[in-house]
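Novice: The following block contains the structure, expressed as structure tokens.
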């Protein structure tokens, strides 16, 4: 798998992706003249980035609110500067995808997962949010696509998602799935990559919740590195819900969660409901850090680091994508450029992918 990138506990690192597509134009408005007199046209250009930032204790628990003035961010290891604005995410609309790995032998979470997901309708998710549900076996089943998370809709979706697993459970042998079959048929990276791509097409804050053991075998379209890279570019935070952690210090699933702005959480059969509720609360309590993009930013991958003064908190950022400045606009003498203080990029760019 190669090297694992693990930011320090008091420093959250992520990616910015600056693309030429769109060239920075947010919208333009022009008033039709009533006669032949000249008019003024107002154009507004996008140059403000918003970075969702997860802040927890070192034990991955909720912590006391952080004063906005204590946040610092840097681009490509440049000077650390205060964000322009900091706020709590709160009730921003969430587009959540829940990926359920049904190929975990004798999982203690799967018998409880239907009730736990239905429980998200009890105040955690609201009418402004949308939920998609996928069940992963050897194939990937879409059980619900961007539904409103009310109790009945979630119940129907989970009945569909878990139908095949329930049939296996009713077999006289009581064997969910053989270990040999599981090892040959757990394309977790492929499933994560596909769901991330679909989630990117949705509005709102994008979150992918994966209920799995974090193990992959059989993926032939994606690697753990390409999964986290796609999620960073497409602003998707990936959270894992497992029963136990992987002792391997280079656990790829844990790396995916950390490098996309999420975290691994652990649950038992009787605590899965509470864990999912806490996960949504974590998302609601993320901080949104805003800063302007400078006009001389170059397209491509850039690293962003977030720190908190005098803190050793667990900080993880979700990747963001926004357009670079349009050279034609910059050269237009009729364009008024606002005086903004943008973070000065450093010289340290994102490293190339490690060998698989």
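Residue numbers (the working numbering): 10 to 365.
Just so you know, even glycine gets a beta-carbon here, dropped at the ideal spot from N, CA and C.
Would you call residue 341 buried or exposed, if buried means 16 or more other Cβ atoms sit within 10 Å of its Cβ?
Specialist: Exposed, because fewer than 16 other Cβ atoms sit within 10 Å of the Cβ of residue 341.
Novice: Mark residue 71 as exposed unless 16 or more other C-beta atoms lie within 10 angstroms of its C-beta, in which case mark it buried.
Specialist: With fewer than 16 other Cβ atoms within 10 Å, it is exposed.
Novice: Considering only residues of the same chain and omitting the five flanking positions on each side of residue 110, which have a CB-CB separation below 6 angstroms?
Specialist: Closer than 6 angstroms at the Cβ level, and outside the excluded window around residue 110, lie 145, 221.
Novice: Count the other C-beta atoms from every protein chain shown that fall within 10 angstroms of the C-beta of residue 356, then say buried if there are 16 or more, exposed otherwise.
Specialist: Exposed, because fewer than 16 other Cβ atoms sit within 10 Å of the Cβ of residue 356.
Novice: Sorted by chain position, which residues of the same chain lie with C-beta nearer than 8 angstroms to residue 274's C-beta, five sequence neighbours on each side aside?
Specialist: Excluding residues within five positions, the ones whose Cβ falls inside 8 angstroms are 69, 248, 249, 250, 251, 284, 287, 288.
Novice: Is DSSP giving residue 57 helix, strand or coil here?
Specialist: Here residue 57 sits in strand by DSSP.
Novice: Please give the ranges of any beta strand (DSSP E) in the segment 45–126, keeping only runs that are unbroken, at least 3 residues long and fully inside the region.
Specialist: Listed in chain order, the complete beta strand (DSSP E) runs (minimum 3 residues) inside the segment 45–126 are 51–54, 57–65, 80–84, 94–97, 103–110.
Novice: Between residue 217 and residue 235, how many whole angstroms is the CB-CB distance? I'm expecting something under 8 angstroms.
Specialist: Rounded, the Cβ-Cβ distance is 15 angstroms, inconsistent with contact.
Novice: I believe residue 67 touches residue 323 by the beta-carbon criterion, under 8 angstroms. Please report the beta-carbon distance rounded to the nearest angstrom.
Specialist: Going by Cβ atoms, the distance from residue 67 to residue 323 rounds to 6 angstroms, so yes, they are a contact pair.
Novice: To the nearest angstrom, how far is it from the Cα of residue 315 to the Cα of residue 60?
Specialist: If I take the Cα positions, the gap works out to 10 angstroms.
Novice: Assess, as a yes-or-no matter, whether the segment 114–131 is touched by the segment 225–244 under the definition of 3 or more beta carbon pairs within less than 8 angstroms.
Specialist: As far as the Cβ criterion goes, the segment 225–244 does not touch the segment 114–131, which means the pair count is below three.
Novice: How about residue 121 and residue 278: do their beta carbons lie closer than 7 angstroms?
Specialist: Yes, the Cβ-Cβ distance between residue 121 and residue 278 is below 7 angstroms.
Novice: Is it right to say residue 96 is buried, meaning 16 or more other beta carbons lie within 10 angstroms of its own, or is it exposed?
Specialist: When all chains shown are included, residue 96 counts as exposed.
Novice: DSSP three-state call for residue 332: helix, strand or coil?
Specialist: Here residue 332 sits in strand by DSSP.
Novice: Can you tell me the Cα-Cα spacing of residue 263 and residue 233, whole angstroms?
Specialist: In a straight line, the C-alpha of residue 263 is about 10 angstroms away from that of residue 233.
Novice: Between residue 225 and residue 125, is the Cβ-Cβ spacing less than 7 angstroms?
Specialist: Going by C-beta atoms, residue 225 is not nearer than 7 angstroms to residue 125.
Novice: Could you tell me the boundaries of the beta strand (DSSP E) in which residue 248 lies?
Specialist: Residue 248 -> beta strand (DSSP E) spans 245–251.
Novice: Give me whichever residues DSSP pairs with residue 323 in a beta bridge.
Specialist: Answer by DSSP bridge pairing, in chain order: 65.
Novice: In chain order, what residues of the same chain have a beta carbon less than 6 angstroms from the beta carbon of residue 27, not counting five sequence neighbours either side?
Specialist: With a pLDDT of only 49 at residue 27, under 50, the local geometry of the prediction cannot be trusted, and the value read off the model is given with reservation. Only 306, 308, 333 meet the Cβ criterion.
Novice: Enumerate in chain order the residues of its own chain whose CB-to-CB distance from residue 196 is below 6 angstroms, with the five nearest sequence positions on each side excluded.
Specialist: Hits under 6 angstroms: 227, 228.
Novice: I'd like the span of the beta strand (DSSP E) that includes residue 310, first residue to last.
Specialist: Where residue 310 is concerned, the enclosing beta strand (DSSP E) stretches over 309–317.
Novice: Tell me, please, whether the segment 100–114 touches the segment 135–149 by the rule of three or more beta-carbon pairs shorter than 8 angstroms.
Specialist: Contact between the segment 100–114 and the segment 135–149 is present, because at least three Cβ pairs lie under 8 angstroms.
Novice: Who are the Cβ neighbours of residue 245 in its own chain at under 6 angstroms, not counting the five residues just before and after it?
Specialist: Once the five neighbours on either side are set aside, the close Cβ partners of residue 245 are 205, 208, 215, 217.
Novice: Would DSSP call residue 240 helix, strand or coil?
Specialist: If DSSP states are grouped into helix, strand and coil, residue 240 belongs with the helices.
Novice: So, helix, strand or coil for residue 256, using DSSP?
Specialist: Correct three-state label for residue 256: coil.
Novice: If you compare alpha carbons, which of 151, 175, 163 is closest to residue 400?
Specialist: In the structure displayed, the chain extends from 10 to 365; residue 400 sits before or after that span and is not available.
Novice: Starting from residue 273, trace the beta strand (DSSP E) in both directions and tell me its first and last residue.
Specialist: Counting along the chain, the beta strand (DSSP E) containing residue 273 begins and ends at 273–275.
Novice: For residue 100, does the count of other Cβ atoms within 10 angstroms reach 16, so buried, or fall short, so exposed?
Specialist: Residue 100 is exposed by the Cβ-count criterion.
Novice: What are the start and end residues of the beta strand (DSSP E) that includes residue 155?
Specialist: Here the beta strand (DSSP E) through residue 155 covers 149–156.
Novice: Kindly examine the ligand FMN and report whether one of its heavy atoms sits closer than 6 angstroms to the Cβ of residue 213.
Specialist: This structure simply doesn't include the ligand FMN, nor any ligand for that matter.
Novice: Based on the DSSP output, what are the partners of residue 226 in its beta bridges?
Specialist: 195.
Novice: In three-state terms, what does DSSP make of residue 221?
Specialist: Looking at residue 221 - three-state DSSP - the assignment turns out to be coil, as it is neither helix nor strand.
Novice: Once DSSP output is grouped into helix, strand and coil, what is the label at residue 160?
Specialist: Helix.
Novice: Thinking C-beta only, is residue 102 closer than 7 angstroms to residue 154?
Specialist: Contact: no.
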